[in-house]
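Working notes, structure below.
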Amino acid sequence: MTDVMTTAASGEPFDVLIVGGGPVGASAAALLQVASKDARRPLRVAVLELSRPGATQPDAPLDPRVSALSRASERILTAIGAWSAMPPSRMQPYERMRVWHESVEPRGGDVLEFDAAYAGEPNLGYIVENRLVQTAALTTFEAAGGRIITGGLSRLRVHDHHVALETSAGTFACRLVVGADGARSIVRESIGLAAETSSYRQTAIVANVRTELPHERTAWQRFLRTGTLAFLPLADGCSSVVWSADDGAAAPLLAMSTSAFEEELLRQSDAVLGAVELRTERLSFPLHKLTAHRFTAHRCALIGDAAHVVHPLAGQGVNLGLLDAAALCELLCAAFRVREDPGAQSVLRRYERWRKSEIAPIALAIDGFNRYLAHGVGPLSHIAQRGLALVNRTDEFKRFFIARALGLDGELPKVARQPPPAQPPSFS
Ligand SMILES: Cc1cc2nc3c(=O)[nH]c(=O)nc-3n(C[C@H](O)[C@H](O)[C@H](O)COP(=O)(O)OP(=O)(O)OC[C@H]3O[C@@H](n4cnc5c(N)ncnc54)[C@H](O)[C@@H]3O)c2cc1C
């Protein structure tokens, strides 16, 4: 390995180097490091991250980038110690979801309502700042002995027995590289894993707002003919607006004055929460769909948005990514236990088969919601729009959707199956 300049402190290559310390990469790193903490030879794990965010001040206003975290995600983050590291005062449990099409009354009988109590659960999940998840996971990773390298990946080369990475912080070597570097993954590109991508021709406008009526610990979502408008409840009593609007409609929404935008929010939400006051700037995100044809190659695996990007209307991106992280770590821990090479295709293909088969139907369903509920005008859309009321009146459908919202259906990694306090995968 003559081209290796920098390795773990032991002089050996890292066992696993994760490129991207976003919520998914940071959690994967923490899962691996925490699992091997007490082993005779703890794993050498590193995270390469472009810029590590600073700690959040307890009284700082809530960041507009938030995610709805499922019960499965809660369990994964609990297992690594990140859940308890996040201040409850910044985390809002939500107990209900109310979803309706613009053709019906927002508080009428045709609204689809999911109530946690219906499934005997205290809530359906939590609305949490992305940055909080990321910093908590990075902190627990470091506390368990992991190494965070601040820098950007420029190139990687895969050899028979190791991967060499050229970064702005030096050259590194590892036995397995994990690409958690988001939708524009350089890892994915460098190893030549093709991905199918398409634009939704929509832009998500995100901002925090105060509403005249209380949010009732409820996630509100209205399907409009030009997109989807969601109000997610926040811990400070405000709500996070996520408005996925057709590009043609988004541009004027971003350009208009604050008061005109507030008026539009009131109108397009059908005044379900009364008057709306903007509390942050408007952020915008062009929306794309992405599915990598393969999630793995020799000594490489992709997780999170690097492997798949779905429309935000179902709030699934981080949740699916955390399940990728937990599934990969479970298989890697099993491989390390029997001294199997973590970069071997036999190990990685198991991960790929597992997660691809879980993600494909979810991505398809989310696409269908966007195509037929948020946009459609034809007969299929009409059926889908009427279908919301039907689901609302059918117990089996309702239970299915609640299990989906909780992230507890499908083939779950062990760590997501156990109610807290959960144990991370371990070597023993
Ligand atoms: C408007 C909107 C609302 C959403 N709401 C939800 C929701 O409610 N629930 C949910 O589950 N999901 C939601 N999502 C999706 C969610 O935000 C993403 O799925 C999630 O951020 C993916 O996490 P990740 O860690 O895989 O990637 P990212 O968050 O993109 O993190 C990638 C990391 O890699 C780093 N990186 C990139 N390139 C390099 C490089 N060359 N070298 C080193 N580091 C690098 C970046 O700095 C970054 O920290 C939403 C998305 C949008 C756009």
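The numbering of the sequence shown is my numbering, which starts it at 605 and goes up by one.
Quick reminder that beta carbons are idealized off the backbone N, C-alpha and C, glycines included.
Out of the options, which has the shortest C-alpha to C-alpha gap to residue i?
i     : options                    : result
A581  : A879, Y698 and R941        : Because the chain in this structure spans residues 605 to 1032, residue 581 falls outside the shown range and cannot be described.
I753  : T884, R648, L877 and F835  : R648
A798  : F745, R886, Q920 and A901  : A901
E881  : A905, G841, H912 and Q1022 : G841
V620  : A650, A630 and G626        : A650
A1010 : R883, V791 and L673        : The question names Ala, but residue 1010 is Leu in the sequence shown. Nearest of R883, V791 and L673 to L1010, Cα basis: L673.
M690  : G658, Y730, R829 and L736  : L736
V1019 : Q949, A664, R679 and L636  : R679
Under 6 Å from any heavy atom of ligand 1, does the C-beta of residue i make it?
i     : result
N974  : no
D667  : no
S671  : yes
Q920  : yes
A773  : no
F1001 : no
D850  : no
I790  : yes
L757  : yes
V942  : no
N923  : yes
E653  : yes
V623  : yes
G626  : yes
Going by the DSSP bridge assignment, what does residue i pair with across the sheet?
i    : result
W847 : I809 and L833
L652 : V623 and I753
R759 : E770
Y730 : L673 and P697
C778 : F618 and V767
A859 : DSSP output for A859 lists no bridge partner at all.
E800 : T895
V703 : L716 and Q825
R814 : E881
G972 : According to DSSP, which records beta bridges pairwise, G972 is partnered with nothing at all.
G783 : V623 and L906
Ends of the alpha helix (DSSP H) at residue i?
i     : result
T682  : R675 to A683
P793  : Here the sequence assigns Glu to residue 793, which means Pro is not the residue at that position. From DSSP, the alpha helix (DSSP H) with E793 extends over I790 to S794.
L1010 : D999 to L1010
V1019 : K1018 to R1021
Determine the extent of the beta strand (DSSP E) in which residue i is found, giving its start and end residues.
i    : result
F718 : L716 to D719
T822 : T822 to L828
Flag residue i as yes when its Cβ comes closer than 6 Å to any non-hydrogen atom of ligand 3, and as no otherwise.
i    : result
F889 : This structure does not include ligand 3; its bound ligands are ligand 1.
key: 4-residue-minimum alpha helix (DSSP H) runs that sit fully inside the stretch 880-958, ordered along the chain   = 921-941
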